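In terms of this note's numbering, the sequence shown is residues 63 to 467.
Heads up, the beta-carbon is just placed ideally off N, CA and C, and yes, glycines get one too.
As the structure is a prediction and not an experimental result, all values here were calculated from the model.
Structure record follows, encoded as structure tokens.
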Amino acid sequence: MPESLEIAVESFDKSFTQQEPIPEVGIARAIEIMRGGRLHRYNVNQGETSETTTLENKFANYLGVDYCLACASGGYAMLTALRAFGLWAGESVLTNALTLSPVPGAIHAAGGKAVLVETTDQLVLDLDDLHRKLGETSSRLLLISHMRGHIVDMDALLTILDRHGASLIEDCAHTMGAFWGGRPSGTFGIAACFSTQTYKHINSGEGGFLTSNDRDLMARAVILSGSYMLYDQHTAGPAPEAYADIRLDTPNCSGRMDNLRAAILLPQLSCLDDRVCRWNERYHAIESELGNVDGLKMPLRPPQEQFVGSSIQFLVPGISTSQANALLATCKKRGVDLKWFGAVEPRGYTSHYSSWRYLSTQTLPQTDRVLHGLFDMRIPLTFSIDDCHLVGRIIRESFNVSLSL
Ligand SMILES: *Cc1c(COP(=O)(O)O)cnc(C)c1O
């Protein structure tokens with residue numbers, strides 16, 4: 063074919079796993095801490111506040127809550143929240159069928175039994191199924207995962223939980239910086255858990271926060287996290303009297319954050335709101351390319367939901383396995399890293415609830431249908447707005463080719 067007749071096909075060559083650098087002030091402070099040798103959160107001179115304690119206070123203040131505990135991971139924060147809540151051995155905990163494996167894993171590790179709740183086409187918890195299962199199980203607790211930043215109608219959710227006398231713990235791994243009806247995600251339940259793992263909204267490699275306004279829950283959580291008898295250093299925790307009754311009855315299950323991680327997180331917290339704006343610009347750029355494609359559905363985002371577009375999802379109801387694989391392959395060839403939740407074998411971060419075989423066997427036909435048509439993509443902030451338009455065009459064109467197969 064003569065060169066002039068070849069159709070120019072755009073492709074993309076940036077990495078979907080490339081994060082932004084740690085702010086220089088954070089790096090400088092981390093180096094200073096390393097030179098000083100005081101990396102452990104309780105290793106402070108008389109009268110000094112550790113970097114970890116400073117970070118906890120800053121995050122509690124950011125969220126507008128009374129207490130914050132920094133920990134080793136988001137998964138550890140969930141496990142600790144469940145233990146500090148006082149979960150009984152073998153007790154049912156309701157959670158989303160559409161989430162990632164650290165969530166059922168934390169319930170399992172805390173000795174609970176995860177009972178999965180159906181997913182709607184808008185990728186949130188199905189409140190009718192929740193209502194039904196709260197009745198069937200008499201469960202005291204919902205661990206909700208705001209999966210991929212999709213927030214369920216929180217007002218309706220609280221009404222249902224209230225009716226059943228059940229409590230709420232929020233997994234905010236994907237909603238740090240998000241709101242529902244003007245209220246920060248993570249302030250709706252008895253506790254909330256955040257992750258600062260590399261792919262979340264602030265990056266310390268590993269790390270997490272547990273937040274709460276509940277004095278007794280937080281006192282137990284601080285002791286659980288490995289505070290020894292140094293809990294009075296937790297100025298973002300309850301006052302020392304709160305520990306009087308529980309300090310010798312609560313086991314130490316170490317999972318603390320250290321000062322190095324805190325040092326690199328502090329300046330990132332200051333630019334979180336700016337990151338949220340930049341993520342949403344990128345989300346909307348991709349969305350604008352996918353908005354009017356026949357057969358491809360973007361989940362609706364209700365006006366009360368102020369989300370963080372750090373990833374994007376779309377649904378192709380009724381897509382066949384071979385069409386889905388063709389779409390993934392066509393995108394991949396042009397440099398776009400799409401994930402599909404319908405794959406039989408768990409791959410990367412995406413997994414189907416049936417691959418959590420340590421849970422009792424559960425069938426969720428509605429979630430199965432939704433997952434089969436669900437595609438997902440991370441949006442690194444290292445992509446420009448033009449990059450995002452290009453990525454969106456590549457998905458659209460690949461979609462049109464693959465669905466005609
Ligand atoms: C990342 C993540 C967590 C916590 O993960 P860690 O790696 O333990 O910090 C929890 N829930 C969801 C949905 C996540 O994506």
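* Asked: Should E236 be listed as close to ligand 1, given that the test is whether its C-beta is under 7 Å from any heavy atom?
  -> The residue you asked about is not Glu; residue 236 is His in the sequence shown. Yes, ligand 1 has a heavy atom inside 7 Å of this Cβ.
* Which partner residues does L131 have in the DSSP bridge list? -> Within the DSSP secondary-structure output, L131 pairs in a beta bridge with L272.
* Asked: Quick one: is A391 buried, meaning 16 or more other Cβ sit within 10 Å of its Cβ, or exposed?
  -> The residue is exposed, with fewer than 16 neighbouring Cβ atoms inside 10 Å.
* Asked: Is the beta carbon of P408 within less than 7 Å of some heavy atom of ligand 1?
  -> The closest heavy atom of ligand 1 lies 7 Å or more from the beta carbon of P408.
* Asked: Comparing the CB of K401 with every heavy atom of ligand 1, is any distance shorter than 7 Å?
  -> Answer for K401: no, Cβ out of range of ligand 1.
* **Spatial distance of V179 from L279 (CA atoms)** => Their backbone Cα atoms lie some 25 Å apart in a straight line.
* To do: Taking only the alpha-carbon atoms, compute the straight-line gap between E232 and L292 and give it to the nearest angstrom.
  => Distance between the alpha carbons of E232 and L292: 27 Å.
* beta strand (DSSP E) containing L205: first to last residue? -> Where L205 is concerned, the enclosing beta strand (DSSP E) stretches over 203 to 207.
* To do: Count the other CB atoms, across all protein chains shown, that sit within 10 Å of the CB of T425; report buried if there are 16 or more and exposed otherwise.
  => Flag for T425 reads exposed.
* Comparing the CB of V165 with every heavy atom of ligand 2, is any distance shorter than 7 Å? -> Among the ligands in the structure shown, ligand 2 does not appear; only ligand 1 can be found there.
* Expressed to the nearest angstrom, what Euclidean distance is found between the alpha-carbon atoms of S73 and E459? -> Taking the straight line from one Cα to the other gives about 11 Å.
* **Ranges of the alpha helix (DSSP H) found wholly within the region 147 to 214, counting only runs of at least 4** => Correct list: 164 to 171, 189 to 199.
* To do: Determine the DSSP secondary structure at M63, reduced to helix, strand or coil.
  => Residue confidence is low: M63 scores 46 on pLDDT, short of 50, so the model does not pin down where it sits. No coordinate-derived value is stated.
* D335 versus P300 - alpha carbon distance -> Here the C-alpha atom of D335 lies approximately 27 Å from the C-alpha atom of P300.
* Asked: Secondary structure at M439, three-state DSSP: helix, strand or coil?
  -> If DSSP states are grouped into helix, strand and coil, M439 belongs with the strands.
* Asked: Is the beta carbon of L205 within less than 7 Å of some heavy atom of ligand 1?
  -> Checking every heavy atom of ligand 1 against the Cβ of L205, none is found closer than 7 Å.
* Under the three-state reduction of DSSP, which class applies to W242: helix, strand or coil? -> Strand, per DSSP.
* Please work out which residues of its chain come closer than 8 Å, Cβ to Cβ, to I456, disregarding the five sequence neighbours upstream and downstream, and give them in chain order. => In chain order, E72, S73, F74, C393, R396, G397, V398 place their CB closer than 8 Å to the CB of I456, counting only its own chain and leaving out the 5 sequence neighbours on each side.
* Asked: Taking the alpha-carbon positions, what's the I326 to T114 distance?
  -> As the crow flies, the alpha-carbon of I326 is around 10 Å from that of T114.
* Any idea if M216 is buried or exposed, counting beta-carbon neighbours within 10 angstroms, 16 or more meaning buried? -> Classification for M216: buried.
* Give the range of the beta strand (DSSP E) segment to which S257 is assigned. => Unbroken beta strand (DSSP E) run through S257: 253 to 257.
* Secondary structure of D430, DSSP reduced to three states -> In the structure shown, D430 sits in a helix (DSSP, three-state: H, G or I).
* **Rounded separation between R309 and R282 - CA only** => Note on geometry: alpha-carbon atoms of R309 and R282 lie some 8 Å from one another.
* **From R194, S257, L204, residue whose alpha carbon lies closest to that of A176** => Considering only alpha carbons, the answer is L204.
* Asked: Taking M238 as the reference, which of V284, Q295, C339, R431 has the closest Cα?
  -> Per the Cα distances, C339.
* To do: Kindly indicate which residue of Y129, Q259, V355 has the alpha-carbon position closest to the one of I84.
  => For I84, the nearest C-alpha among the options comes from Q259.
* Reduced DSSP secondary structure (H/G/I, E/B, other) of F376 -> Here DSSP, grouped into helix, strand and coil, assigns F376 to strand.
* To do: May I ask you to check if the CB of D233 is nearer than 7 Å to at least one heavy atom of ligand 1?
  => At least one heavy atom of ligand 1 is nearer than 7 Å to the Cβ of D233, so yes.
* To do: For the alpha helix (DSSP H) holding D448, just list the boundary residues, first then last.
  => Start and end: 447 to 465.
* Can you tell me whether DSSP reads S332 as helix, strand or coil? -> Helix at S332.
* How would you write the range of the beta strand (DSSP E) that S229 sits in, first residue to last? -> Element bounds for S229: 229 to 233.
* Asked: So what's Y420 in DSSP terms, helix, strand or just coil?
  -> Of the three classes helix, strand and coil, the one that applies to Y420 here is coil, per DSSP.
* To do: Name the residue from E110, L328, H236, L149 whose alpha carbon lies nearest to the alpha carbon of L162.
  => Residue H236 is the option with its Cα nearest to L162.
* What are the boundary residues of the alpha helix (DSSP H) that includes R363? -> Careful: R363 lies outside any alpha helix (DSSP H) and carries neither H nor E.
* With 16 other Cβ atoms within 10 Å as the buried cut-off, status of H102 -> Under a 10 Å Cβ-count criterion, H102 is classified as exposed, with fewer than 16 other Cβ atoms of the shown protein chains found around its own Cβ.
* Just the Cα atoms here: how many angstroms apart are P164 and M319? -> Going from the Cα of P164 to the Cα of M319 covers about 18 Å.
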